[in-house]
Structures are given as C-alpha cells and as structure tokens.
Amino acid sequence: MEALLILAFIVLDLFFFCFFFESLLIPMVFLMLFESTQGRRLYALTYLYLYTLFGSIFILLALFVLYYETHTTNYLLLTELNLARGMRAESQCFV
11 MEALLILAFI
21 VLDLFFFCFF
31 FESLLIPMVF
41 LMLFESTQGR
51 RLYALTYLYL
61 YTLFGSIFIL
71 LALFVLYYET
81 HTTNYLLLTE
91 LNLARGMRAE
101 SQCFV
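So the sequence shown is numbered by the working numbering: it starts at 11 and just counts up by one.
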C-alpha cells in the first residue's frame with residue numbers, strides 16, 4: 011500500500027496519478043472486508059464505492075477535456091503552458 015501511495019505522488023502524468031490513486035482503494039477494500047464488524051461492512055463498502063465512482067468519473071472527464079485542449083497530461087508541461095490563453099472559455103469553467 012505504501013508503494014502505491016509513493017507512486018501516486020511521484021508520477022508527473024495526471025492519468026498515471028489518477029490510476030495509482032484509484033488503485034489505493036484495493037487495499038482499503040480488503041482492510042474493510044477483513045477488519046470491520048459484520049453489520050457495518052456492507053454499508054461502508056457501498057458508500058466507498060459510490061463516492062469513489064462518482065468522484066472518479068468527474069476527474070477522468072476533466073482529464074479528458076484537459077488532454078483534448080492541450081494534447082498533454084504531463085504536469086510539468088501543463089504548468090509551463092498558459093492555459094487561460096490556450097483553452098476555450100467553456101473548458102476553462104469545466105476544468
């Protein structure tokens with residue numbers, strides 16, 4: 011789990027960051043399955059799944075828009091680009 015956490019914050023590509031950050035949920039699910047009490051286990055896993063699913067959809071959609079507008083997801087290149095000048099106003103509000 012520590013390796014995934016380190017990888018999530020070392021990578022400079024936003025898609026890989028999203029992938030490694032979401033892969034951190036796999037050990038969390040195993041911890042919740044084996045270490046929690048029986049009554050609250052399904053309730054907690056359902057909320058974890060729903061919040062993660064809806065949050066991830068919006069983040070991935072924003073990343074796709076960002077890639078479509080700038081043709082890169084590298085964090086260093088994105089910080090050098092002037093995004094306010096290179097993106098449409100509709101995309102700026104979304105991202």
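Backbone N, C-alpha and C define an ideal beta-carbon position, used for all residues, glycine too.
Quantities reported herein were computed from a predicted structural model and do not represent experimental measurements.
Cβ-based burial, residue i [other Cβ within 10 Å; buried from 16]
i: Phe27; result: buried
For residue j and residue i, the rounded distance between their alpha carbons
i: Tyr13; j: Tyr78; result: Residue identity differs from the one stated: residue 13 is Ala in this sequence, not Tyr. C-alpha separation (whole angstroms): 30 Å.
i: Ser46; j: Tyr57; result: 14 Å
i: Thr83; j: Leu76; result: 7 Å
i: Arg50; j: Leu86; result: 43 Å
i: Met106; j: Thr62; result: No answer is possible for residue 106: it lies beyond the span of the chain, which begins at 11 and ends at 105.
i: Val39; j: Leu24; result: 24 Å
The ligand ZN heavy atom lying under 7 Å from the CB of residue i
i: Thr80; result: Questions concerning the ligand ZN fall outside what the structure shown contains, since it holds no ligand whatsoever.
Integer-rounded CB distance, given that residue j should sit under 8 Å from residue i
i: Leu73; j: Thr80; result: Their Cβ separation, rounded to whole angstroms, is 11 Å, which puts Leu73 and Thr80 out of contact at 8 Å.
i: Leu34; j: Leu15; result: 6 Å
Own chain residues within Cβ distance below 8 Å of residue i, not counting five before or after
i: Leu22; result: Asn84, Tyr85, Leu86
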